[in-house]
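Step one of this worksheet: look at the structure below.
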Amino acid sequence: MLLPACSVCHENMKQWETILSTTCGHLFHSNCIHKWLNSSTTCPQCRHDCDKTSIIRVHLTFNYEGEPEAVSKLKQAISEIDKSKRELKLIKTKCKMLKRDAEKQSKASKMLREESNMYEKKIIEIKNNKSRNEMLARYTDAKTWNQSLIEDVLRIIEKLSDVITEYGRANGSHEGAMGPHRIAVANFKTNIKTLSRSNLNIGTKVKIGQSMTKNLRIVIESFRGLLKAYVTRRKQIAAGVFI
């Protein structure tokens, strides 16, 4: 049941307490209203004119028949509140656990990202190493091919030098004409050896070697008539014909 409350102290009134009423009908504890009227001449509730001579005692009758039901409802409400508190506590505990799990997952995710970045760097490094190895292999192949080219050119030059020398010995009348050819062959030989020892890259060396080989072939072509005469002279000498 709802109990009346004093407008001064705001506490519920009890049946054994002395209750006073003003002429405006508001109820107060006896001690509360007397203290109030010591310093004021109006009702604490509605400010209606009031003094100690106008207040009267009121006898209240309280009906407690519905109190057990109210107590039961109150206990039920308290029980539900306690249950809600327990559920809230459980939820808070679960939230803390989820927060810890989320932090662990975040750390694990960060570690995975770091590992992924590390593997990506390793993959790039492996690709770079593979590229360097492939370039080294191509360089080695080109170097071998270039060395072979140089050796071929040197063999041609040596052969041509031998032919010129032998022809000069066999036909003294052409000895003076052989001088420029000997110089050209000697220059080719020197240039080839210099090219072999130079610090130029392989591609440049190959291009220069190919150009020199082409020029050497032109020189050889210029010797065709000379070589033909040389062969004819060898045959004549072999046949005992001396001119």
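Using UniProt numbering, you'd call the opening residue of the sequence shown number 1 and step up by one each time.
All residues carry an ideal CB built from backbone N, CA and C; glycine is no exception.
In this text the structure is predicted, and so the values were computed from the model without any measurement.
> Are at least three pairs of beta-carbons, each pair with one atom in the region 13–23 and one in the region 48–60, less than 8 Å apart?
Replying inline: At 8 Å Cβ cutoff, the stretches touch.
> When you compare each of 24, 25, 52 to residue 36 by their alpha carbons, which one comes out closest?
Replying inline: 52
> In three-state DSSP terms, what is residue 253?
Replying inline: Here the chain covers residues 1 to 243 and nothing more, so residue 253 does not appear.
> Looking only at DSSP bridge pairs, what is residue 49 linked to?
Replying inline: Answer is 42.
>> With H, G and I counted as helix, E and B as strand and the rest as coil, what does DSSP make of residue 55?
In response: Coil, per DSSP.
> Going by the beta-carbon positions, is the gap between residue 13 and residue 24 smaller than 8 Å?
Replying inline: no
> How big is the Cα-Cα spacing for residue 93 and residue 87?
Replying inline: The alpha-carbon atoms of residue 93 and residue 87 are separated by roughly 10 Å.
>> Quick check on residue 50: buried or exposed, where buried means 16 or more other Cβ atoms within 10 Å of its Cβ?
In response: buried
> Starting from residue 21 and walking both ways along the beta strand (DSSP E), at which residues does that stretch end?
Replying inline: For residue 21, the uninterrupted beta strand (DSSP E) run begins and ends at 19–21, by DSSP.
> Run through DSSP, which three-state label would residue 27 get?
Replying inline: strand
> Any idea what DSSP makes of residue 137, helix, strand or coil?
Replying inline: helix
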